[in-house]
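Student:
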Amino acid sequence: MARTKFDEKRNKEAQIAKFQSTNNKTPAVEATPPAADAKTAAAPAGKRKKRRRRPKRWASEARRYQGVVPAKKFVPQSTFQRVARELLAEARPDQGFRITKNAMKTLHEVAMSEIGELFTMANDCVVHRKGHTLRVHDMQLINKLVAKLERRFSVAASA
């Protein structure tokens, strides 16, 4: 059955009567019938309904890695500390190494900056090949280039 003006008027009167019976006073603003569709409901004169934009997950990640939001370390402190101690134990099994907290923190910062530089160079490699995804062979190419540069500058420094 189609809705008519009479039905809307009757609903409005019923809402007012219900409100008056529960509160025993007249409403300050005249009650309006519910809209048939939320999208087609007209906003009050002079006010527009504000639309809420949902945050995009990829946008927040991009902001974090671009430095707008403080980024976490690539490797957590506890994991890095365990691996560093294992490597030191392998390098000199006969000597027991002890590392202060500040030394470990500094070592972690340096390692993370180096990893960040490698990823930056690898990303430049991806952009150069007009790609969108970082692949294993990009990192391998960067490692080869870094090794060549280290050899070239170590030979020049010793000469």
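Each residue of the sequence shown is one higher than the one before, counting from 1101 in my numbering. We treat Cβ as the ideally placed atom computed from N, Cα and C, and that holds for glycine.
1) For the alpha helix (DSSP H) that contains Leu1218, what are its first and last residues?
2) State the start and end residues of the unbroken alpha helix (DSSP H) segment that holds Gln1195.
3) Can you list, in chain order, the residues of its chain with a C-beta nearer than 6 Å to that of Val1226? Leave out the 5 residues immediately preceding and following it.
4) Let's see if you can read the secondary structure: which residues bound the alpha helix (DSSP H) around Thr1233?
5) Quick one: what does DSSP say Ala1247 is sitting in, helix, strand or coil?
6) Would Lys1173 pass as a contact of Met1221 if the rule is Cβ separation under 7 Å?
7) Measuring alpha carbon to alpha carbon, tell me which residue in Met1204, Gly1231, His1228 is nearest Thr1179.
Tutor: In terms of the structure at hand:
1) Counting along the chain, Leu1218 sits inside the alpha helix (DSSP H) bounded by residues 1201–1228.
2) For Gln1195, there is no enclosing alpha helix (DSSP H), since its DSSP letter is neither H nor E.
3) Leu1234, Asp1238.
4) Counting along the chain, Thr1233 falls outside any alpha helix (DSSP H), and DSSP gives it neither H nor E.
5) Secondary structure at Ala1247: helix, using DSSP grouped into helix, strand and coil.
6) It is not a contact, given that the beta carbons lie outside the stated cut-off.
7) With respect to the C-alpha of Thr1179, the residue from Met1204, Gly1231, His1228 having the closest C-alpha is Met1204.
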